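In mature numbering (1 follows the signal peptide of the UniProt record, and there is no 0), the protein residues as written are -17 to -1, 1 to 304.
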């Protein structure tokens, strides 16, 4: 039986109780009507657009003074958003849907990143050591797989590809490990496999690891992997700021999609990845709109694998306007 409250959700409830209905939700307003926004992000390729947008001045054009705060994953960022330590965060959609299933007041305000849909070129993969006997997702049954946060998008999608390949998804053992630590853990046989994303996927491959499955592209078509989210209170009280954030982010995503060399360059400024490895990374897709059907698929996988008791109504978690 699943635990009714995952640790991150329990922490978020404590933050919510300590801070009332939303804590320090307002970003400070600076002279000229500029709003200072703290946004939690993960040091992976997915967030290259927001780093590019900050560098290119797209957010400044929309009256946002952007501060990016690195987190280990979307689940880890949720308590900070609830407490108002930062106003928005980037996180995988599974963690946001899980929080929503526990009635935490979070809302998806913008798309974050999506799979390319092509297992051969996607930016995510499950890797094993070079000498591992594991050859396909089916072989992950009963094995230990590293993911960056428990009960997140890499959990449900890895289970999905194991099941599709004929393995037992319930028997996969997940351990939590930060993306930057995964290549070494795989190389040193600390885990049987790791569900990675770029740029650490290419870093691991450069050390001899093998890819045996693409957890995002093999799980479902056109997967929305992550989003930017805020509390319902912040969204309702700061509509103009949210609109400006969306506009700047969409401009940033379009720029990233059209300038892959700039993506590879900017990744080296906020991760530990070297330039030679960055040139080899596979890039994700950055559609400007959230794929609601994809969110519904993820919600159903969460129910299927016991992370929620019923399928989450994703429409209630998407901020409108």
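For each residue, glycine too, the CB sits at the ideal point set by N, CA and C. Predicted model only: the values in this text are computed from it and were never measured.
Sheet register partners of residue i (DSSP bridge)
i           : result
residue 236 : DSSP, once it has assigned bridges, lists no residue as partnering residue 236.
residue 127 : 156
residue 34  : Paired residue(s): none; residue 34 is not in a bridge.
residue 212 : 72 and 91
residue 50  : 21
residue 196 : 109
residue 301 : 91
residue 179 : 108
residue 97  : 207 and 268
Through-space distance from residue j to residue i, alpha-carbon basis
i           : j           : result
residue 86  : residue 296 : 11 Å
residue 95  : residue 209 : 5 Å
residue 42  : residue 201 : 34 Å
residue 164 : residue 48  : 31 Å
residue 258 : residue 243 : 14 Å
residue 303 : residue 181 : 31 Å
residue 305 : residue 62  : Nothing can be reported for residue 305: it is not among the residues displayed for the chain, which extend from -17 to 304.
residue 122 : residue 241 : 38 Å
residue 113 : residue 262 : 22 Å
residue 281 : residue 126 : 23 Å
residue 149 : residue 75  : 26 Å
residue -14 : residue 161 : Only weak support exists for where residue -14 lies, its pLDDT of 34 falling under 50; the coordinates are left without a value.
residue 191 : residue 169 : 10 Å
residue 177 : residue 236 : 28 Å
residue 278 : residue 284 : 10 Å
residue 39  : residue 226 : 19 Å
residue 215 : residue 89  : 6 Å
residue 288 : residue 37  : 38 Å
residue 56  : residue 219 : 25 Å
residue 82  : residue 67  : 16 Å
residue 267 : residue 233 : 15 Å
residue 223 : residue 18  : 10 Å
residue 175 : residue 185 : 18 Å
residue 172 : residue 166 : 10 Å
residue 199 : residue 137 : 8 Å
residue 120 : residue 144 : 6 Å
residue 99  : residue 239 : 14 Å
residue 93  : residue 193 : 33 Å
residue 147 : residue 109 : 15 Å
residue 58  : residue 286 : 18 Å
Sub-8 Å separation of residue i and residue j beta-carbons
i           : j           : result
residue 72  : residue 53  : no
residue 300 : residue 24  : no
residue 135 : residue 77  : yes
residue 213 : residue 70  : yes
residue 128 : residue 141 : yes
residue 203 : residue 274 : no
residue 27  : residue 51  : no
residue 20  : residue 228 : yes
residue 195 : residue 31  : no
residue 231 : residue 105 : no
Neighbour-count burial assignment, residue i, 16 or more Cβ in a 10 Å radius
i           : result
residue 101 : exposed
residue 293 : exposed
residue 291 : buried
residue 97  : buried
residue 16  : exposed
residue 5   : Unreliable placement is indicated for residue 5, whose pLDDT of 46 sits below 50; the coordinate value is still reported in the next sentence. By the 10 Å Cβ count, residue 5 comes out buried.
residue 221 : buried
residue 272 : exposed
residue 116 : exposed
residue 306 : In the structure as shown, the chain begins at -17 and stops at 304. Residue 306 is therefore absent and cannot be evaluated.
residue 255 : exposed
residue 189 : exposed
residue 153 : exposed
Residue closest to residue i, alpha-carbon to alpha-carbon, out of the options
i           : options               : result
residue 65  : 204, 230, 227 and 217 : 217
residue 269 : 113, 205, 168 and 193 : 205
residue 107 : 287, 91, 264 and 275  : 264
residue 158 : 179, 144 and 89       : 179
residue 247 : 29, 20, 140 and 215   : 29
residue 133 : 120, 145, 144 and 155 : 155
residue 253 : 223, 35 and 105       : 35
residue 151 : 57, 83 and 124        : 124
residue 276 : 286, 193, 298 and 266 : 298
residue 91  : 245, 260, 211 and 286 : 211
residue 260 : 58, 59 and 187        : 187
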